[in-house]
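The block underneath contains the structure these notes are about, expressed in structure tokens.
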Amino acid sequence: MAPLPAIPSLLHSISSLSQQVGLRLNLSKCVLLHGPGITSIPPGLQSLQLRDWSDNGTKVLGTPIGSQRYTLQLLTEKFDECKFLADRILQLPHLQMAWRLLTHCSGFCKVNFLLRVVPYLWGQAFAESVAGYTRLCIQKLIGSIMSTQNWTVASLPISMGGMGVQDPMWIHPSAYVSASLNYAYNVSNNSVDANLPPDFFDALQDLVDGLTPSSSPATSWLMSRSCSEVLPEQLKQKWWSNLQYVFQFQGLLSSVSLRDKVQLQCQKSSLTGAWLNVVPNAHLGLTIPCSEFKCLLRWRMGISLLPVQGAGSPCVDCGKPLDIYGDHFVCCRYCGFWSRHSIALAAGLGVQLELSIPSKKRPADLLIRGLEEEPLALDVSIIHPAPPSSRPTFDAVSLRETHKFQKYSDSCTVLGWLFRPFCLSTFGEFGPCASDIITRLALLLTTSPQSFPIVRQRITQSISVALMKVVGFQLVCGLHSYLCEAGDDTVLE
Ligand SMILES: [Zn+2]
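All you need for my numbering is the position in the sequence shown, starting with 1, plus 668.
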């Protein structure tokens, strides 16, 4: 956007820059957009096309430029597009596929882009509408109302224990602040303040409200109404949103029960969300049936599976009291707890290098040759860090690995084997030894350095999906038994 007299010299500059990289500016394909009062092409610009946008506005590279009315109209159209797409996704018969599309492909990149480029106050209602509709769609998918806590977990990144759902209300301040700083800094890094948009400090105020005060210069910028010493990394939205997520996560931890604290911390460890990141593919064994997937989504968000009145009801199989989250279902000794071993093995490691250890000799489940100098004896175990009968444990997986190591290592050494525990948790965690073995396996199966991350991801995803599929199956079975006993089987439909 420029005043009319400046246009010829601007075009001249663009033309010179283009020539330096071997390009030629084609003026006959350029359009001069103008406001009211201009009826003819000014001297020097005769080869340009003239287009009046005074009534409305126009879109340049997806950015609406024009009146507030025009911009809001465009945002309404974008919201309708998102809604249309989300409604179609909800009709998909496969829940895992629907979830994947809703969280990764339903036009959220466009939403984020618009929140960066549209004046902050104009974009607020749009962000609110998209956030509200996204939440509504997720509630339909999981068949349950979400509390504020559940929604916060959903909107955290998968790597921070969440579900990776983008909440436009939450990302709006960081999107606008980073985009504004980026623009102002690149125009002149010595006078950032002079080039900030008028509503920059409105966005900064909202951003500061969602950050730990000492974590960034945002509070002092806000107090002084001046952005001094902007660092290059602060021009990136990710830099700000990471600070927001840390604040959000800490806020959650300080407000939930010990059981939920343990779950959140467990889910935050690396690889736990691998099952949420897969593209469902039946041939690769990466699909999870709908009922199981629905229970797992609730499980990860900490949404109760049973109605409140179900707490304390006796388990149909063992008679012990039930809890509403499903903790008993994954611990009940009649729910096939130990069958999880074979499934995790079959999906992950067993396919690659399988050699079962005869049961009489069993201090372990698998003997793998070729990974280490000695045969490697692997003991797979799955633990629930928040059993209803004892205190929840933050590092249950690594403690279990240590315990297994102390228990079986010596007897394997006598047999000439190297012993390693391979411990997973019902929240999706991989123990340190398990993670290390996956890395070694991936190195063994990798044919080139470039393919290593792909092979490692493939193994991790296979194990993660197999693990969570069985956890989901146990939740579904337990829930089904409870509902049948209570004379109600509608929740699973
Ligand atoms: Zn039971």
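From the three backbone atoms N, C-alpha and C, an ideal C-beta is built for every residue, glycine too. Just so we're clear, the structure is a prediction, and the values are computed from it rather than from any experiment.
Let me know if residue 913 comes out buried or exposed under the rule of 16 or more other beta-carbons within 10 Å of its beta-carbon.
buried
Are residue 843 and residue 780 touching if we call contact CB-CB under 8 Å?
yes
Nearer than 7 Å: is that true of the beta carbon of residue 748 relative to any heavy atom of ligand 1?
no
Taking 7 Å as the cut-off, is the CB of residue 991 close to at least one heavy atom of ligand 1?
no
Applying the criterion that 16 or more other CB atoms from any shown protein chain within 10 Å of the CB defines a buried residue, is residue 995 buried or exposed?
buried
Residue 836 versus residue 981: straight-line alpha-carbon distance, rounded:
40 Å
Going by beta-carbon coordinates alone, are residue 1142 and residue 1003 separated by less than 8 Å?
yes
Cβ-Cβ distance between residue 945 and residue 839 below 8 Å
no
Comparing C-alpha positions only, which one of 998, 720 and 1051 sits nearest to residue 704?
720
My understanding is that residue 746 touches residue 778, with C-beta atoms under 8 Å, so please give their C-beta distance in whole angstroms.
7 Å
Return the first residue and the last residue of the alpha helix (DSSP H) that residue 874 is part of.
868 to 877
Let's see if you can read the secondary structure: which residues bound the beta strand (DSSP E) around residue 734?
731 to 734
Assuming residue 771 and residue 821 are in contact, meaning their beta carbons sit under 8 Å apart, how far apart are those beta carbons, in whole angstroms?
Not a contact, Cβ separation roughly 13 Å.
Residue 1052: CB within 7 Å of a non-hydrogen atom of ligand 1:
no
Determine, using beta carbons only, whether residue 788 and residue 871 come nearer to each other than 8 Å.
yes
Are residue 860 and residue 898 close, meaning C-beta to C-beta below 8 Å?
yes
Take residue 1147 and list the residues in its own chain whose beta-carbon comes closer than 6 Å to its own, dropping the five residues that flank it on each side.
973
At least one CB of chain C closer than 8 Å to the CB of residue 1068: is that the case?
Note that chain C does not occur in the displayed structure, where there is just one protein chain.
The beta strand (DSSP E) spanning residue 1048 covers which residue range?
1044 to 1051
Which residues mark the beginning and the end of the beta strand (DSSP E) in which residue 719 is found?
717 to 720
Can you give the beta carbon distance from residue 1085 to residue 1044, rounded, assuming they're within the 8 Å contact cut?
7 Å
In angstroms, rounded to a whole number, what distance separates the CA positions of residue 997 and residue 925?
20 Å
Local conformation of residue 1036 per DSSP, three classes:
strand
Indicate the three-state DSSP secondary structure (helix, strand or coil) for residue 1071 in the structure shown.
helix
Identify, in the order they occur along the chain, each residue of the same chain with its Cβ nearer than 8 Å to the Cβ of residue 978, setting aside the five sequence neighbours on each side.
990, 992, 1150 and 1154
When we look at the beta-carbon of residue 1060 and count the other beta-carbons within 10 Å, is it buried (16 or more) or exposed?
buried
By how many angstroms is the C-alpha of residue 743 removed from the C-alpha of residue 700?
24 Å
What separation, rounded to the nearest whole angstrom, lies between the Cα atoms of residue 791 and residue 804?
20 Å
Cut-off 8 Å between Cβ atoms - residues of its own chain near residue 764, not counting five sequence neighbours on either side
948, 955, 956, 958 and 961
Where do the ends of the alpha helix (DSSP H) carrying residue 1146 lie?
1120 to 1154
Closer than 6 Å by C-beta to residue 1144: which residues in its own chain qualify, once you throw out the five before and the five after it? Chain order, please.
959, 960 and 963
Please report the straight-line C-alpha distance between residue 1050 and residue 1080, rounded to a whole angstrom.
21 Å
What do you reckon, is the C-beta of residue 1145 under 7 Å from a heavy atom of ligand 1?
no
List the endpoints of the continuous beta strand (DSSP E) containing residue 1089.
1086 to 1093
Would the beta-carbon of residue 1091 fall within 8 Å of that of residue 1124?
no
Would you kindly work out how many angstroms separate the C-alpha atoms of residue 670 and residue 750, rounded to a whole number?
33 Å
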